[in-house]
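Each residue of the sequence shown is one higher than the one before, counting from 10 in this note's numbering.
All C-beta atoms, glycine included, are put in the ideal place defined by N, C-alpha and C.
Following: one structure in structure tokens, then a few remarks.
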Amino acid sequence: MEKIKARITVNREFVKGEIDRRIYGSFVEHMGRVVYSGIYEPGHETADEDGFRQDVLEKVKQMGVTAVRYPGGNFVSCYDWRDGVGPAAARPRRLEIAWRAIETNEIGINEFMRWAGKAGIEPVFAVNLGTKGIENAVSLVEYCNIKEGTAYSDWRREHGVENPYGIKTWCLGNEMDGDWQIGHKTAQEYGRLAQETAKAMKQVDSSIELVSCGSSKSDMKTYPDWEAETLKYTYPYVDYVSLHQYYGGQELGTENFLSQSLDMEQYIKTVIGTCDYVKAWHRSDKTLYISFDEWGVWSVPDQVVAASVDERPWQVAPHLSEQIYTMEDSLLFASMMMNFLKYAERIKIACQSLLTNISAAIMTERGGEVWVQPIYYPFMHMANYGVGKTLLTVDEIPCYDCDMRKNVPCVDYAAVYHEEGREVVLFAVNRTEKEAEVELNLQGFQAVRVTEHVTMHCEDRKTTNLKNHDAVRPRETDQSSLADNRVKSILPPFSWNMVRIEIL
């Protein structure tokens, strides 16, 4: 079968943007088994003195997660943070309306921050602008970030936390454009509430950064008017606008399914344009950045699990949407994630959703083992080696047409230059059933050798890690060679690839 042939040129002097390490974030929400029996399971053989699963912590660190958004998600829109602090035995059990479960509040702000310290991640907190508002948000900032001498800072100290956390980044609500959200608001209603909440929060701590709610997905009827309208209120007071996006559609065929990352790219470009329009409308000299703080592939859910939740609501940490990912899913996941590298000049935070058990890279069994899904590996590769600067590229890549869109590049990629590490890294997805021969021309670099070419593919692209936890995993290959400052790499059909090149 004839190979796909692609050419990519990079130049040391042409840089797209500096990569913010927070794009390698994830998301922990009080939903299903993400927290309880995900990151936290007292009595598990690996549990530490705080009840956190050390086997999960090890996987989180290997994955390279740098930031985690908490506590939601839809959960936050009914959450009073005060329920989750103080003596655990005195905390109330609540009906958790968003996911129709019982929240025990065994884990709250202080426990999560202990876990964050052990995981070595930066917290990204969300405040409740659904059923709560300004006072609840302001009091939480006071509790977390003020040293002492006020009611809430002293309350934190009573709870055994002497020093303030100094939490830097705060999300002003969650998916407030969605009619599924408890406390859903119109753009005008949200804009005004978020504006006044932002002003008050920054009065408490002027050093914090704030995230204004953007659209929940690219097919929302209110997009992009939502951004244009809400940012007219919030732009002077916030530092980021959030975007969320999930894609399913596996039943539409691989070529259609994998093409959806182009929709995400257009989504990003449109929101950047909208932000810059509002910047001009405000006559502002401030550039607004993007926090893509929920994203992922939405696989076909387990129908038996979904039905049991509907039939038996109000359980503690029920099995919910515990999706099993295929090799094919990992390719769309990788292309979605590469968009954060391609637009590194504007995307500064991103949170893969979710960390454990629900649309997750890491899966756990209650009282049992931990294992990783195929999507774990592209994240791990980019988080560990996608550092430094994204390079501007010029390419010649064949395209295909499918039902969903035209001119889909057969090879999707991002190129990164890490000056301190003395390497250029090419991340690439072959979207086709043919082998792809990719030539990378390294202008202005002195290439020494190909350090590593890692590839991940399966003969059956519907293969999962459910029964054989090593069925889909990356392997080293010798299918990259260097000559005359050009690297030629062979990418297997429907594959994920990382090629590392040592440079002087």
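- In this structure, the alpha-carbon of threonine 373 lies about 14 angstroms from that of serine 330.
- Taken through DSSP and simplified to helix, strand or coil, phenylalanine 503 comes out as coil.
- When the beta-carbon positions are compared, glycine 41 and tryptophan 108 come within less than 8 angstroms of each other.
- Per the C-alpha coordinates, the member of His466, Val481, Thr460, Thr473 positioned closest to aspartate 487 is Thr460.
- Secondary structure of alanine 207 (DSSP, three-state): helix.
- For asparagine 416, no beta strand (DSSP E) encloses it, and the DSSP letter there is neither H nor E.
- The region 152–159 and the region 200–207 do not touch, with fewer than three beta-carbon pairs separated by less than 8 angstroms.
- A residue is called buried when at least 16 other Cβ atoms come within 10 angstroms of its Cβ; lysine 295 does not meet this threshold and is exposed.
- In the DSSP assignment, the residues bridged to glycine 34 are Ala76, Cys360.
- Distance between aspartate 214 and glycine 117, taken at the CA atoms: about 22 angstroms.
- When the alpha-carbon of tryptophan 307 is set against those of Ala369, Lys497, Ala326, the nearest one is in Ala369.
- Three or more Cβ pairs closer than 8 angstroms define a contact, and the region 270–280 falls short of that threshold against the region 45–55.
- Proline 387 places its beta carbon 8 angstroms or farther from that of phenylalanine 349.
- Membership of valine 43 in any alpha helix (DSSP H) is not indicated, and neither H nor E is assigned to it by DSSP.
- DSSP places methionine 391 inside the alpha helix (DSSP H), whose first and last residues are 385–394.
- DSSP places valine 150 in no beta strand (DSSP E) but in the uninterrupted alpha helix (DSSP H) bounded by 143–154.
- Glu115 is the residue among Pro483, Glu264, Glu115, Gly129 whose C-alpha sits nearest the C-alpha of tryptophan 90.
- Within the model, the alpha-carbon separation for tyrosine 242 versus asparagine 183 is close to 17 angstroms.
- Of the candidates Thr18, Phe23, Met72, Val65, the residue whose Cα lies closest to the Cα of glycine 395 is Met72.
- When Cβ pairs closer than 8 angstroms are counted between the two stretches, the region 175–182 is seen to touch the region 215–224, the count reaching three or more.
- Look at threonine 263 here: in three-state DSSP terms it is helix.
- For tryptophan 164, the uninterrupted alpha helix (DSSP H) run begins and ends at 160–167, by DSSP.
- Here the C-alpha atom of tyrosine 426 lies approximately 23 angstroms from the C-alpha atom of tyrosine 385.
- Taking glutamate 442 as reference, the option from Ile130, Leu267, Val19 with the minimal CA-CA separation is Leu267.
- In this structure arginine 31 is buried. Its beta-carbon is surrounded by 16 or more other beta-carbon atoms within 10 angstroms.
- If you compare the alpha carbons of Val247, Gly262, Asn265, Tyr286 with that of proline 233, the shortest gap goes to Tyr286.
- Annotated as distal: glutamate 27 and alanine 492, with beta-carbon spacing of 8 angstroms or more.
- Counting the other Cβ atoms within 10 Å of the Cβ of lysine 415 gives fewer than 16, which makes it exposed.
- With a cut-off of 8 angstroms on Cβ pairs, the region 332–340 is in contact with the region 495–509, counting three or more such pairs.
- Straight through space, the alpha carbons of serine 148 and alanine 160 are spaced by roughly 9 angstroms.
- Counting C-beta atoms within 10 angstroms of its own C-beta, tryptophan 323 has fewer than 16 neighbours from the protein chains shown and is therefore classed as exposed.
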